Amino acid sequence: MPGNPDREARWYRLDNTAKMYPLITSAKNSYVYRIAINLSQEIDPNILQQAVEDCKPRFPTIYVRMRKGLFWYYHEANEKMPVVKPEPSVVCGEIIPSQNNGYYFTFFYYKNRISLEVFHVLCDGSAALVFLKLVVFRYLKLLGFPVESEGLILSLDEEPKQSEIEDSYVENYEPTEGDRSAIARAYHTSGTPFSQGGIGVINGKMKTEQLKKLAKDQGASISQYLAALLTYCIIETGDMKKLSLLPVNICIPVDMRKFYSSKTLRNFFLNIFTSVYCGGRKMSFEAVLDLMKEQFKSGVDLGKLQALLNSNVSVEKNPFVRFSPLFLKLALIKIGYKFGGRMSTTAIMSNIGNVEFPESMKPYVLDMELNFNINNLCAHNLGIVSCNGITTLGFSRRVYESELERLFITHLTSRGVEVEILSNLWEDFA
Amino acid sequence: MKEMAIPYCDDCKVSISTKTDRCPLCGKNLVGTDITTAVKTFPDYVYKRKRASGVAKAISFIAILSIVLSVVGNIMTWNGYPWSVTFSACVLYVWLMGSLTFKKGAHLGLKLMMHAIALSLLLAIINTFASQTLTVTRISWAVS
Chain A
1 MPGNPDREAR WYRLDNTAKM YPLITSAKNS YVYRIAINLS QEIDPNILQQ AVEDCKPRFP
61 TIYVRMRKGL FWYYHEANEK MPVVKPEPSV VCGEIIPSQN NGYYFTFFYY KNRISLEVFH
121 VLCDGSAALV FLKLVVFRYL KLLGFPVESE GLILSLDEEP KQSEIEDSYV ENYEPTEGDR
181 SAIARAYHTS GTPFSQGGIG VINGKMKTEQ LKKLAKDQGA SISQYLAALL TYCIIETGDM
241 KKLSLLPVNI CIPVDMRKFY SSKTLRNFFL NIFTSVYCGG RKMSFEAVLD LMKEQFKSGV
301 DLGKLQALLN SNVSVEKNPF VRFSPLFLKL ALIKIGYKFG GRMSTTAIMS NIGNVEFPES
361 MKPYVLDMEL NFNINNLCAH NLGIVSCNGI TTLGFSRRVY ESELERLFIT HLTSRGVEVE
421 ILSNLWEDFA
Chain B
431 MKEMAIPYCD DCKVSISTKT DRCPLCGKNL VGTDITTAVK TFPDYVYKRK RASGVAKAIS
491 FIAILSIVLS VVGNIMTWNG YPWSVTFSAC VLYVWLMGSL TFKKGAHLGL KLMMHAIALS
551 LLLAIINTFA SQTLTVTRIS WAVS
């Protein structure tokens with residue numbers, strides 16, 4: 001039976017969010033994100049391969065391949081083993097299952113870094129983090145290091161639970177009024193696309209305490225501060241003529257697990273939007289931050305999020321949508337998304353928060369990174385992850401110009417935050 | 431954060447761990463700072479030869495040339511029949527639909543839908559113009 005924690009379960013329905021991704025993904029818009037962890041020593045690929053294979057029974061909804069059904073795609077258990085690979089130069093490139101033993105995730109290694117790239121059809125960042133932590137824990141254990149889970153890492157000896165494989169969107173759906181309000185069309189940043197395709201990465205590492213103090217001095221959380229700063233930088237570097245007509249909308253995925261006590265290891269997030277309309281005039285950072293604080297308070301509201309969840313799930317339950325054949329859904333949604341998808345998003349900012357590791361693992365873990373490749377209309381995106389007192393801001397951009405990133409980072413450095421930069425120097429390879 | 435001296439951009443006030451001689455943020459030359467301690471933080475880019483583009487360009491050139499020559503030939507030998515329209519429509523169909531058929535990443539459903547639309551347009555053009563070119567009775571699709 002689908003969703004049965006029994007190890008012999010053979011197939012799973014895609015969760016509510018996942019249903020869209022196979023219909024809209026392409027080589028340019030891969031919908032792949034990368035969570036990377038830097039360890040204190042060079043990676044042993046053979047041990048990493050063993051660790052990835054050992055974790056297979058624990059994650060039945062991730063070690064899957066995707067099949068086409070009559071009405072939707074579905075997942076079924078993948079008998080083959082995933083293969084860890086040397087990290088490619090392309091970050092968050094399209095995952096081609098026929099070249100990956102049918103899998104929609106890949107573990108890469110490069111020097112002391114383990115990178116997990118995941119196609120969003122499998123799970124969101126929070127679930128991928130749980131997966132990555134267990135693989136790294138198992139990797140360190142196989143190397144003979146004295147690490148213990150201390151309650152912060154899943155156990156390999158446990159069976160997968162029903163709560164880990166459920167579609168939490170459907171489980172928490174209430175057949176009441178949903179939220180049908182449309183998001184305003186957004187301003188899109190422009191620039192010169194990389195001739196070779198792919199994304200340029202600039203990761204900025206800083207002490208979490210310094211960033212937290214900076215935000216706290218302004219009465220804001222880190223997310224509010226960084227969302228405001230991203231909006232401010234977009235306005236500062238943007239086309240004033242277009243900004244006089246369109247607002248800057250930042251799409252912020254919100255992890256719904258804390259609101260519903262969900263333990264699912266699939267997708268369970270909803271997008272909230274902040275919207276700042278500058279009317280074609282420059283705005284001070286403080287003014288943008290005040291707007292952001294208000295919008296966060298009203299946006300991250302359980303009632304509104306429930307209405308949004310109801311609206312999303314009701315689309316899937318609509319009889320016309322449900323019983324349309326898959327090839328028709330593919331064609332119509334592909335065309336519709338090409339012309340209308342992501343029109344309401346200027347940039348995406350995803351903060352997966354502070355990652356806790358057991359004390360026994362901390363000596364071997366340096367820091368983490370988050371980058372993603374979502375949509376060609378969003379030229380600049382920001383991933384945030386904190387670990388061991390280090391916060392990494394992962395800028396992923398599709399254009400040569402890095403003025404926005406420069407303004408963002410120099411805002412922080414001019415206010416006393418020490419920043420270290422790493423980059424894949426993608427602009428050098430055109 | 432770092433005990434060793436690593437490259438530093440005075441303008442952006444950032445230290446740079448990536449092995450480069452310029453700041454990734456502002457592009458300022460870092461010559462004069464100590465870049466020997468930096469290491470590569472990402473793998474080198476692997477240039478891939480684009481083999482198909484030469485063939486695609488040749489096919490495109492031949493298609494466009496054929497259309498232009500047929501239009502010019504039709505005009506120069508004008509006898510009242512616009513045969514170049516039919517010919518050009520056929521060349522365009524084969525060229526564009528052929529490219530779409532072999533395009534990687536495009537979904538099958540979308541390809542089939544585009545083929546259906548393009549074929550319908552081609553048949554409509556042939557039906558309209560071929561009857562003027564040949565002594566062919568115009569086909570009526572209605573059942574009387």
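Quick note, the sequences are listed as chains A and B, same order. Quick note on the numbering used here: the first sequence kicks off at 1 and runs consecutively. Quick note on the numbering used here: the second sequence kicks off at 431 and runs consecutively. Even for Gly, the Cβ is constructed at its ideal location relative to N, Cα and C. All values derive from a computational prediction rather than experimental measurement.
Item                                                                                                                                : Value
In DSSP terms, what I35(A) is bridged to                                                                                            : L116(A), L370(A)
R65(A) at chain B interface by Cβ criterion, 7 angstroms                                                                            : no
Per DSSP, cross-strand counterpart(s) of Y12(A)                                                                                     : H75(A)
C-alpha distance - F273(A) paired with E294(A), whole-angstrom precision                                                            : 12 angstroms
Sub-7 angstroms separation of T264(A) and I250(A) beta-carbons                                                                      : no
Outcome for D167(A) when other beta-carbon atoms lying within 10 angstroms are tallied against a minimum of 16                      : buried
Residue-chain proximity (S89(A), chain B), Cβ-Cβ < 7 angstroms                                                                      : yes
Residue environment, Y477(B), which counts as buried when at least 16 other CB atoms sit within 10 Å                                : exposed
Partner residues on chain B for R406(A), Cβ-Cβ distance less than 7 angstroms                                                       : C442, L455, C456
Within-7 angstroms CB hit, P5(A) to chain B                                                                                         : In this predicted model, P5(A) has a pLDDT of only 45, less than 50, meaning its place in the structure is not dependable enough to derive any value.
Same chain, Cβ closer than 7 angstroms to K362(A), five either side skipped, listed in chain order                                  : N388
Helix, strand or coil at Y21(A) according to DSSP, with G and I counted as helix                                                    : helix
Own chain, CB closer than 6 angstroms to Q49(A), minus 5 neighbours either side, in chain order                                     : V84
G197(A) classed as buried or exposed, judged by whether at least 16 other C-beta atoms fall within 10 angstroms                     : exposed
Per-residue DSSP class, three states only, for A347(A)                                                                              : strand
T345(A) versus H188(A) - alpha carbon distance                                                                                      : 8 angstroms
Cut-off 8 angstroms between Cβ atoms - residues of its own chain near E234(A), not counting five sequence neighbours on either side : Per the sequence shown, residue 234(A) should be read as Ile rather than Glu. Excluding residues within five positions, the ones whose Cβ falls inside 8 angstroms are Y187, T189, V248, T346, A347, H380, L404.
Members of the segment 393–426 of chain A near chain B, C-beta cut-off 8 angstroms                                                  : S402, E405, R406, I409, T410, T413, S414, E418, V419, E420, I421, L422, S423, N424, L425, W426
Among L393(A), P57(A), A331(A), G299(A), the one whose alpha carbon lies nearest that of E158(A)                                    : P57(A)
Member of P358(A), R34(A), V90(A) whose CA lies at the smallest distance from the CA of I384(A)                                     : R34(A)
7 angstroms Cβ cutoff, Y110(A) in contact with chain D                                                                              : As a matter of chain content, chain D is missing from the structure shown, whose protein chains are A and B.
Distance between Q162(A) and L14(A) (C-alpha atoms, nearest Å)                                                                      : 15 angstroms
Listed by chain order, chain B residues near L328(A) by CB distance under 8 angstroms                                               : G539
Helix, strand or coil at H380(A) [DSSP, three-state]                                                                                : strand
Rounded straight-line distance, which links the Cα of K304(A) to that of E356(A)                                                    : 29 angstroms
V288(A) - DSSP class collapsed to helix/strand/coil                                                                                 : helix
First through last residue of the alpha helix (DSSP H) which encompasses V521(B)                                                    : 513–531
V469(B) vs I421(A) beta-carbon contact at 7 angstroms                                                                               : no
Continuous beta strand (DSSP E) assignments of at least 3 residues falling wholly in the segment 209–295 of chain A                 : 248–255, 269–276
Integer Cβ distance of L393(A) from G125(A), believed to fall under 8 angstroms                                                     : With 8 angstroms as the limit, L393(A) and G125(A) do not qualify as a contact, their Cβ atoms being about 15 angstroms apart.
Minimum Cβ-Cβ distance from E8(A) to chain B less than 7 angstroms                                                                  : Only weak support exists for where E8(A) lies, its pLDDT of 49 falling under 50; the coordinates are left without a value.
Proximity below 7 angstroms, CB of F105(A) to CB of V118(A)                                                                         : yes
CB contact check: I547(B) to chain A, cutoff 7 angstroms                                                                            : no
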